[in-house]
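Participant: Have a look at this one before I ask anything.
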Amino acid sequence: MTAYAKRRRPDVSTSIGPIRLANPVLVASGTFGGIQDRVIDVNRLGGVVAKTVTMEPRKGNPPPRVWETASGMLNSIGLDNKGLVAWIDEELPHLSTYRCRLIVSVSGRTAEEYGDLVGRLSEFPRIDAFELNISCPNVSHGMDYGTDPALTEKTLNCARAATKKPLIAKLTPNVTDVTRIAEAALAGGADALSLVNTLKGMAIDWRRRAPCLGGVTGGLSGPAIKPVALRMVWEVCSKFPKVPVVGIGGISTADDALEFIAAGACAVQVGTANFAEVNTPLRIVEEMPAKLAEAGVRRLRDLVGTAR
Ligand SMILES: Cc1cc2nc3c(=O)[nH]c(=O)nc-3n(C[C@H](O)[C@H](O)[C@H](O)COP(=O)(O)O)c2cc1C
Numbered sequence: 001m002t003a004y005a006k007r008r009r010p011d012v013s014t015s016i017g018p019i020r021l022a023n024p025v026l027v028a029s030g031t032f033g034g035i036q037d038r039v040i041d042v043n044r045l046g047g048v049v050a051k052t053v054t055m056e057p058r059k060g061n062p063p064p065r066v067w068e069t070a071s072g073m074l075n076s077i078g079l080d081n082k083g084l085v086a087w088i089d090e091e092l093p094h095l096s097t098y099r100c101r102l103i104v105s106v107s108g109r110t111a112e113e114y115g116d117l118v119g120r121l122s123e124f125p126r127i128d129a130f131e132l133n134i135s136c137p138n139v140s141h142g143m144d145y146g147t148d149p150a151l152t153e154k155t156l157n158c159a160r161a162a163t164k165k166p167l168i169a170k171l172t173p174n175v176t177d178v179t180r181i182a183e184a185a186l187a188g189g190a191d192a193l194s195l196v197n198t199l200k201g202m203a204i205d206w207r208r209r210a211p212c213l214g215g216v217t218g219g220l221s222g223p224a225i226k227p228v229a230l231r232m233v234w235e236v237c238s239k240f241p242k243v244p245v246v247g248i249g250g251i252s253t254a255d256d257a258l259e260f261i262a263a264g265a266c267a268v269q270v271g272t273a274n275f276a277e278v279n280t281p282l283r284i285v286e287e288m289p290a291k292l293a294e295a296g297v298r299r300l301r302d303l304v305g306t307a308r
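Numbering of the sequence shown is given in my numbering, commencing with residue 1 and proceeding in unit increments.
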């Protein structure tokens with residue numbers, strides 16, 4: 001690229017509240033890690049949201065755990081993870097080598113346990129922020145926190161009391177009015193909101209007269225949910241225009257990402273698309289500046305929330 005082209009290149013830096021990012025593209029919790037980070041240059045992402053960690057090890061749900069649907073997938077992983085102690089020993093050292101933002105996702109069995117988790121993890125300076133997964137549809141009671149405003153606020157209160165690091169509350173789309181949950185999360189001390197997690201759904205094999213997923217129901221993700229996610233980001237950003245919102249749901253192109261930005265999101269996460277093509281988030285990072293330049297937008301920040 002010539003020096004002139006570089007000068008003309010739109011500025012895609014952004015921030016999620018106090019967290020500054022080189023670009024707005026993160027990878028979503030549970031959809032990235034393992035081998036993907038050996039295939040792409042993670043350091044070129046805006047950030048990584050690690051897979052949700054719980055206090056105790058969890059085996060997750062019985063197989064099959066994923067099922068392909070029209071324009072999407074169902075998953076019923078059930079927060080399979082090795083638990084906090086092993087995660088700190090075995091996962092955090094590797095995640096800490098990333099030079100992009102590192103956001104750690106946690107899920108507690110009680111509101112207090114969310115506080116314990118972020119409290120224990122706060123001693124690690126490499127962690128830039130926490131995403132509170134109050135919205136997993138695949139665990140028993142996993143969604144209660146994110147569907148009941150009082151519980152959402154209590155959960156945020158507990159986490160807020162336990163850490164000074166930024167808190168991002170990840171909201172579920174499985175509610176009638178997402179703005180009520182957003183309001184409760186903010187009242188409890190959330191610095192930012194991310195939305196959405198998966199939509200509860202199911203698949204049935206009628207010949208076997210049985211559900212396709214071992215966990216019976218699962219979470220729908222991928223392009224099929226993008227219009228729903230976009231609508232919810234729009235609703236939350238319309239009601240709370242100053243609150244940093246991270247858009248998630250069916251994003252697989254730079255245009256998808258920019259639609260969420262125009263709806264009011266300051267950053268986005270790519271989830272299911274990582275399974276289809278591991279390079280998707282970096283392709284979005286690469287394609288975004290040209291899309292902005294073409295539309296005469298010089299700074300990504302100038303586009304945030306402009307679709308009204
Ligand atoms: C296989 C799979 C595992 C996931 N695991 C988690 C998880 O551990 N924690 C979490 O907060 N969200 C999890 N999610 C939800 C995603 O982070 C994201 O919110 C959702 O898939 C919607 O985005 P997408 O349509 O781009 O996939 C998972 C999604 C999938 C498909």
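Where is the CB? At the ideal position from N, CA and C, for every residue including glycine.
Can you tell me whether Ser221 is buried or exposed? The criterion is at least 16 other CB atoms within 10 Å of its CB, across all chains shown.
Facilitator: Residue 221 sits at position 221 when you count from the first residue of the sequence shown. So Ser221 counts as buried.
Participant: Which residues does DSSP list as the beta-bridge partners of Trp67?
Facilitator: Looking up residue 67 in the sequence shown gives position 67. DSSP output for Trp67 lists Leu74 as bridge partner(s).
Participant: State the Cα-Cα distance for the pair Arg283 and Thr253, rounded to the nearest angstrom.
Facilitator: Locating residue 283 in the sequence shown gives position 283, where the first residue counts as 1. Locating residue 253 in the sequence shown gives position 253, where the first residue counts as 1. So the two alpha carbons sit approximately 8 Å from each other.
Participant: If you pair each beta-carbon of the segment 166–173 with each one of the segment 207–215, do three or more pairs fall below 8 Å?
Facilitator: no
Participant: So who's on the other strand from Lys53, going by DSSP bridges?
Facilitator: Locating residue 53 in the sequence shown gives position 53, counting from the first residue. Checking the displayed sequence, the identity of residue 53 turns out to be Val instead of Lys. Partner(s): Val106.
Participant: State the DSSP-derived secondary structure class of Leu318, mapped to helix, strand or coil.
Facilitator: The chain is shown from 1 up to 308; residue 318 falls before or after that span and cannot be answered.
Participant: Nearest to Arg101 by alpha carbon, out of Gly47, Leu26, Ala224, Gly189?
Facilitator: Reading the sequence shown from its first residue, position 101 is the one you call residue 101. Ranking Gly47, Leu26, Ala224, Gly189 by Cα distance to Arg101 puts Gly47 first.
Participant: Taking 6 Å as the cut-off, is the C-beta of Gly34 nearer than that to any heavy atom in ligand 1?
Facilitator: On the sequence shown, residue 34 is found 34 positions in, with the first residue counted as 1. It does not: the Cβ of Gly34 is nowhere closer than 6 Å to a heavy atom of ligand 1.
Participant: Give me the Cα-Cα distance between Thr306 and Gly249, rounded to the nearest whole angstrom.
Facilitator: Residue 306 sits at position 306 when you count from the first residue of the sequence shown. Residue 249 sits at position 249 when you count from the first residue of the sequence shown. Roughly 20 Å between the two C-alpha positions.
Participant: How far does the alpha helix (DSSP H) with Asn174 in it reach, from first residue to last?
Facilitator: Locating residue 174 in the sequence shown gives position 174, where the first residue counts as 1. The continuous stretches of alpha helix (DSSP H) do not include Asn174, and DSSP gives it neither H nor E.
Participant: Residue ranges of each beta strand (DSSP E) run of no fewer than 3 residues wholly in the segment 135–166, ordered along the chain?
Facilitator: none
Participant: Please report the distance separating the alpha-carbon of Met288 from that of Ala22.
Facilitator: Stepping through the sequence shown from its first residue, residue 288 is reached at position 288. Stepping through the sequence shown from its first residue, residue 22 is reached at position 22. Each residue's Cα considered, the two are about 13 Å apart.
Participant: Helix, strand or coil: how does DSSP classify Pro211 here?
Facilitator: Numbered from its first residue, the sequence shown carries residue 211 at position 211. Strand at Pro211.
Participant: Any contact of the segment 292–303 with the segment 46–62, i.e. 3+ C-beta pairs under 8 Å?
Facilitator: no
Participant: Evaluate the contact criterion for the segment 102–111 versus the segment 125–135: three or more CB pairs, one atom per stretch, below 8 Å.
Facilitator: yes
Participant: Take the Cβ of Val304 as the centre, count every other Cβ of all protein chains shown within 10 Å, and call the residue buried at 16 or more, exposed below.
Facilitator: By one-based count along the sequence shown, residue 304 stands at place 304. Buried, since its Cβ has 16 or more Cβ neighbours within 10 Å.
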